[in-house]
Structure formats: structure tokens, C-alpha cells
Amino acid sequence: MDESRLRGARVRFAPSPTGYLHIGGARTALFNWLVARRYGGTFILRLEDTDRVRDVKGAREAIYEGLRWLGLDPDEGPEQGGPYGPYCQSERGEIYAHAIAELRERGAIYPCFYTREELAAQRAAAEARGEVWRYDGKYRELAPSLAKARIDRGEEHTWRLKVNAGATRYHDLVLGDSEVKNDDVEDIILVRGNGEPVYNLVVVIDDHHMRVSHVLRGADHQTNTFKQLQIYLGLGWTPPEFGHIPLILAEPPNKGKMSKRHGGATVEEYQKAGYDVEAMINWLALMGWSLDGETEVISRADLVKNFDISRIGKTGAQLNRPKLEWISGEYLRRQSPQQLAPRVARALAERGWIPAAEIDSPSARTMRITTALRERMRKDGDVAPLCTWIFTADLPFEEKAQQTLVKDPENAARLERLAAALPDALPDGEAFSELMKRVAAELGVGFGKIASPARAALTGGLSGFELVDCFHVLGATESVRRLRAGAARCRSAQSASS
RNA sequence: GGCCCCAUCGUCUAGUCAGGCCUAGGACAUCAGGUUUUCAUCCUGGUAACAGGGGUUCAAAUCCCCUUGGGGUCACCA
């Protein structure tokens, strides 16, 4: 596309504060943010908090917090202010009133005296006949003097947009040329009976006054575009460019677009699960956009450098959570143990397994756990499940671990032998290997013959850490205790079966 | 139902605008091997897609039409 037109673009993210940041909204915010950052533009946050949603408790904060976590900082918005505020629709009443007056003066809207009830009755009747209801245009041609008289009499009325015959078309930045007959746009209501403007009107007014140059939003707004284009026409304003991002679809067996009731619909869920936030950005960007079809791991900086609206796909995307798991794991593995330690410590401290003070200054053992975890965890939420065995005195045994322990009657003796061979000062690295090999040699078996039962005895499972780490994380005393307990478990199973 | 949009492996996608380099590439997931005398990581390989039908063309995943399928939207909600 013509990139020069993107330079200095003013883009916006305009969620309605429903109490959470939707995953699709987060992606929309990211794409807009990326455009602003790449082209030296401005990223605006505007809260669509008119009408009934305006008072949802903590709803604004949920949006702020979500964006903050993702690192999508607005340049202008309710919190940061800006030259075209206020940035909450609930506070922009005067601006709307002016625009409505303007619309009236230009003759772009006309009063309609149908009551809500009459409209509802018409709709019901049409539906009963199996037809699609449409506004009949009854008040469109009402003489202005007659209309004025009824208004002066105090008769409640709405104001409808006068849409002329013809067609409305525009070039969508993502979808390409799009067009609709004006008959299908209809004379929509712009001003309610109580004098308040409806959504489509305020969006136009706000985007215009906030000097928004490019509207990049979810495809669920695509049909609104035609209406809004007609409103721009009525106001005599130049519309911005529009681009519609295909929606994120729910995973089967659910159908349709992602909504709150589907798992994974809110950003908060991912934050709580402890996914790496940079991985999250990476994953979000790859949902509906691609650099070249090859690149899977791409940093935020490279995203800013390369993001291109013309490479946004046209097809809806299902959430691909296993891929997020993978990407997040990739990012975690690239971090140094020092970087990773605080989040591991936090997860352990939350369980009460280690003191909270370790979040700032992790102990040697926590560092060891972190190093072992680095190759295994994909998100913070994995830490606790992967470490339960360390901090559980009365270890539950997985079925397979139990089998491994029991299947060879010699295991009891081997574990005892290993326990006896362990010095109080546990050897590390090569020295540990030497010790294991020596014990194995003395028993006349291979390394594996003692490693597997040892892991089972130590962890109660088959997939713990590297063996040497298992020992060190537990310490000599506990290790010996568990080896002996394992031996006992083995013996009792033997006597029970014989 | 009307209108709008979309259609490549199970999933995310490259390729489509400028038809031939595509016996369709990558990644996740999955399966099978290998490395690690343990776990994880890692490496190698396999299974797997152009929705269907008509055109146009020397040539179509790519262009056109129809069908089918999916999604969105049709409030004095946002």
C-alpha cells in the first residue's frame, strides 16, 4: 500500500468498558499500536462508555491493566490526556450536541415520530409475514412546518439520517473494494427520543474531532462502515481510511466469534496463566498477520519494524493455543536463569513453598530449580505443577512411577545401596556422575537401572528434572529418606504380590 | 431471511493482486526414529490441504461465474 499515507497516522483503539479486555480487542489494539509505532503516528485510546455500559465497576481499569501488561501504551487517552479530549464518550456530550445541530442545519437528518412501540409492532408484523422489516420512510417527506409544529407541541421524536439513492463504496485497507446499495443502508436513527446520539454517530464525531486518519477495527464493524460513511457525507466531513481485521473465532464445538463465555476470551486469563508477555504479543500478531509465512518467532521491535497492513489476512482465525504454549516456551528458554528466577520464585512463594523475600534475592536452591525449569516450563503456571514433588513430604506416586519402582525386585536393594553411598555433601556435575557410575558398577548394572527407580523414588513420577538436580534440590537428607521410602515401597509391593 | 465479507494440511499460515519457478512451502499439534546409559531440550523423518462444478488460457491454488460451506451484520446496544 501507499506507505506515505501512513506516516504520522492517527489510529485508535475504542473498546467499550465491559469489565475485561477481549482477546480480539487486544489484537486490534496491537495492530493499531504497531501502525502508530512503525509510522511515527499516534495511538489513541478512547472509551466507548455511553449509555448503559458507563458504570461497570472497574471496567475501565480492566482495559488499562490489560493494555499496560501487553505494553501497548496509548499516546492519548483517558489516563494520559491529549489535545483532543476528553477521551471518554460519556464526557463528550457538548461536542455531540454541536454536531447534531450541524446535522439539522444541513438538513441531513429529519425528525421521525414513530414511537418505539409502533416500530416494534411493525417489526413483529413483518416477521409474522415472513418478511424483513424496513423503515417505511413515512416521515422523510413530512413538511418542515408540520414537523416543527409537532416538535413545538413537545411530541417525542427521533432524528433519522437522510440517505439518498445510490451506492456507498469504499476501499478497505484489508478487504479491498466494498460496496452496498444505499437502500440497504436505510435511514437509520441517529438521535434518540431523549436527544442522545447513537453509537454510529458518536464514532464518526469522535474519529473526526480526534483527527483519526485510519480506522483499523474488527470485521464485526464492517457493515457499520457504510452507515458511518453516510454520516460523514451528511456532516460534510472527509472520512478516514478503514480497514477491517477478520475476527477471532471460537474453538469447536463452539461457533462464531469469541465471546466471554468461551475459554481464552479475556487477556486476563493469559496474564494469570503466566504466559510470557512478549510471546503473547508474538502470538497475537501472528493471528491474522504474517511476515513471510516462515517467521514464527518475532520480537516486538521487529514487529514494529515490519508490520504491514497489506499483509493482514482476510480469513477468520481460530485461537491456536498450543502454538502460544510453544512460543511462550521459546521465549522463556531464551531468558537467562537470572531473568527467570524472580517469576519462578514468585510462583513458588505463592504456594508458600519458599519465602517471598526470594523473589528479590533467590536462594541457590531456587536458582537451581530455575535452571532446571527453564527447559521445561512454558508459562509461570507450569512452575507449581512441575515442582510439587519437591515440596511434598508425603509424595503421591504416579501409576507409571509405581510400576517402574516395583517391576524389578532388585530395585529395593539398589535404592538402599545408592542411599548408603550418598555423602552429606552431595557431589555435583561430573563428580555426581562418577558416584552414580561407581554405584552402578558395584551393583553390576547400567546407569539406567538405577536412574529410573531413583527418579521414581525421588519425584513420584517419571519426568522430573535431570537426576543430579533432583538430588540437589531435595538435599542429601531428604534424598536419602526418599530413596529408603522408595525401597520400602518396592519391598512391600513385592511381598504383597508373592 | 436481506445485505456485507471470506474459503490452502486438524490449527495458524506462505503462495492469489502482477497465471508457468507449486508433483503447494513453513510452523504448531500428532506419529515414528535418533541424541541424552535418566528427564527435558535438541535432531531426523512420516501422515496431512488448494471445498465442489463450470468456464477463460498453451498453462489456474492463482482470473471469471455458479453452488456449497463459514463468519459478520440487520435495535431509540456498543
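Numbering-wise (the working numbering), the first sequence opens with residue 1 and increments by one. In this text, a Cβ means the ideal position worked out from N, Cα and C, and glycines have one as well. It should be emphasised that the depicted structure is a prediction, and the values quoted were computed from it without experimental measurement.
Asp220 is classed as exposed because its beta carbon has fewer than 16 other beta carbons within 10 Å across all chains shown. Secondary-structure assignment with DSSP links Leu161 through a beta bridge to Ile109. If you ignore the 5 residues before and after Ser479, its C-beta comes within less than 6 Å of the C-beta of Phe471, all in its own chain and listed in chain order. Listed in chain order, the non-local C-beta contacts of Thr225 below 7 Å within the same chain comprise Tyr170 and Phe242, local neighbours out to five positions each way being set aside. Going by C-alpha positions, Ile359 is about 11 Å away from Gln338. Here Gln230 is buried: its Cβ has 16 or more other Cβ atoms, across all protein chains shown, within 10 Å. Linking Asp394 to Thr315 through their CA atoms gives a straight-line distance of about 52 Å. The shortest C-alpha to C-alpha distance from Arg106 to any of Leu233, Leu30 and Leu173 is the one to Leu233. In this structure, Val215 is the residue among Asn182, Gln335, Val215 and Ala121 with its C-alpha nearest to the C-alpha of Asp172.
Between Gly41 and Gly93, the C-beta spacing is not below 7 Å. Residue pairing by DSSP puts Ala317 in a beta bridge opposite Ile248. Asp428 is not a Cβ neighbour of Ala476, given a cutoff of 7 Å. Around the beta-carbon of Arg343, 16 or more other beta-carbon atoms lie within 10 Å, marking it buried. Residues Thr158 and Val198 of the same chain have their beta carbon placed closer than 7 Å to that of Arg192, with the five preceding and five following residues left out of the count. If you draw a straight line from the Cα of Ser336 to the Cα of Ser290, it is about 28 Å long. When Cβ pairs closer than 8 Å are counted between the two stretches, the stretch 22-30 is seen to touch the stretch 70-83, the count reaching three or more. Lys260 sits in coil when the DSSP states are folded into three classes, being neither helix nor strand.
Judged by DSSP secondary structure, Thr366 falls within the alpha helix (DSSP H) whose first and last residues are Ala364 to Arg374. The Cβ-Cβ distance between Pro246 and Gly293 does not fall below 7 Å. Annotated three-state conformation of Tyr39 is coil, per DSSP. Annotation: Gly234 is outside any beta strand (DSSP E); the continuous alpha helix (DSSP H) that includes it extends over Gln222 to Leu235. Around the beta carbon of Arg10, 16 or more other beta carbons lie within 10 angstroms, which makes this residue buried.
Here the C-alpha atom of His208 lies approximately 16 Å from the C-alpha atom of Ala101. With three or more CB-CB distances shorter than 8 Å, the stretch 449-456 counts as touching the stretch 401-411. By the Cβ rule, the stretch 345-353 counts as touching the stretch 368-384, because three or more pairs are nearer than 8 Å.
Spatial neighbours of Gly82 in its own chain (CB-CB distance under 6 Å, excluding positions within 5 residues in sequence) are listed in chain order as Glu76. Partner residues in a beta bridge of Glu156, as assigned by DSSP, do not exist. When rounded, the separation of the alpha-carbon atoms in Ala147 and Val212 is 36 Å. Going by C-alpha positions, Tyr110 is about 25 Å away from Ala124. Here the C-alpha atom of Leu67 lies approximately 41 Å from the C-alpha atom of Val132.
In the structure shown, the three-state DSSP call for Val191 is strand. Assignment of alpha helix (DSSP H) within the stretch 59-112, counting only whole runs of 4 or more residues, yields 59-70 and 93-105 in chain order.
In this structure, DSSP gives Thr18 a state outside helix and strand, which the three-state scheme calls coil. For the set Glu179, Val468, Phe447 and Met210, the Cα lying nearest the Cα of Cys88 is the one of Met210.
Excluding its 5 nearest sequence neighbours in each direction, Pro239 has C-beta neighbours in its own chain below 6 Å: Leu229 and Tyr232, listed in chain order.
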